[in-house]
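Quick note on numbering: the sequence shown equals residues 38 to 167 in the working numbering. Backbone N, C-alpha and C define an ideal beta-carbon position, used for all residues, glycine too. Nothing here was measured: the structure is a model prediction, and the numbers come from that model. Worksheet: the structure to be examined is printed underneath.
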Amino acid sequence: MKTTGFFKVMMVIVFAMASVLTMNAAESEKITNVEMDNGRISAKVVYQQEGNYLTPDFRFEYAYNDKNQIIEKKALKWDGSKWMNYYCITVTYTDAEAHIQYSMWDKKSQHFQPTEKYVYGLEEAGKFLA
Numbered sequence: 038m039k040t041t042g043f044f045k046v047m048m049v050i051v052f053a054m055a056s057v058l059t060m061n062a063a064e065s066e067k068i069t070n071v072e073m074d075n076g077r078i079s080a081k082v083v084y085q086q087e088g089n090y091l092t093p094d095f096r097f098e099y100a101y102n103d104k105n106q107i108i109e110k111k112a113l114k115w116d117g118s119k120w121m122n123y124y125c126i127t128v129t130y131t132d133a134e135a136h137i138q139y140s141m142w143d144k145k146s147q148h149f150q151p152t153e154k155y156v157y158g159l160e161e162a163g164k165f166l167a
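Structure, rendered in structure tokens:
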């Protein structure tokens, strides 16, 4: 009787471990390709890797001001055949603050529509305060 109970418990443990290992093996991995322009990141493309295949997932495009500060980050999502606008973050700087505007793409109007705005304080060196 004890042997049968022990055998059942061991079978459940083996089955659970096999399930976990199978799920981990099936997960896709993200691969990033970085595009540079004049020593700055101009774009990043994120791919899903499943086995030997890469499928585009997101593309992030960056714009900078003359002080090498990011003023725009645009996200595009792959729809299976082309890149589609997804969201855009624009940053305007003052001496002491950074104003960040978050906008989502509106398919009807074909424009980015502002959704949220944040204001962050800046250090003397122009970096964001924590």
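Cβ separation of residue i and residue j, assumed to be a contact under 8 Å, to the nearest whole Å
| i | j | result |
| --- | --- | --- |
| Y99 | E109 | 7 Å |
| Q134 | Y157 | For the record, residue 134 in the displayed sequence is Glu; it is not Gln. Indeed they touch by this definition, with Cβ atoms about 7 Å apart. |
Residue i and residue j closer than 8 Å at C-beta
| i | j | result |
| --- | --- | --- |
| Q86 | I107 | no |
| D94 | W120 | no |
| S79 | M73 | yes |
Extent of the continuous beta strand (DSSP E) run through residue i
| i | result |
| --- | --- |
| N122 | 120 to 130 |
| T87 | Looking at the sequence itself, residue 87 is Glu, so the reference to Thr does not match. Note, E87: beta strand (DSSP E), 77 to 87. |
| E98 | 90 to 101 |
| L113 | 107 to 115 |
| S140 | 134 to 143 |
| T66 | Correcting the residue type first, residue 66 is Glu in the shown sequence and not Thr. Taken as a continuous stretch (DSSP letters only), the beta strand (DSSP E) holding E66 covers 66 to 74. |
Which listed residue (the options) has its alpha carbon closest to that of residue i
| i | options | result |
| --- | --- | --- |
| G76 | N105, Q138, V83 | N105 |
| Y101 | N122, I126, K145 | I126 |
| T152 | S79, V83, Y139, A112 | Y139 |
| S118 | G88, T92, F149 | T92 |
| K81 | N70, F149, D132, W142 | N70 |
| H136 | Y90, Y84, Q147, K164 | K164 |
| V128 | L159, Y90, Y84 | L159 |
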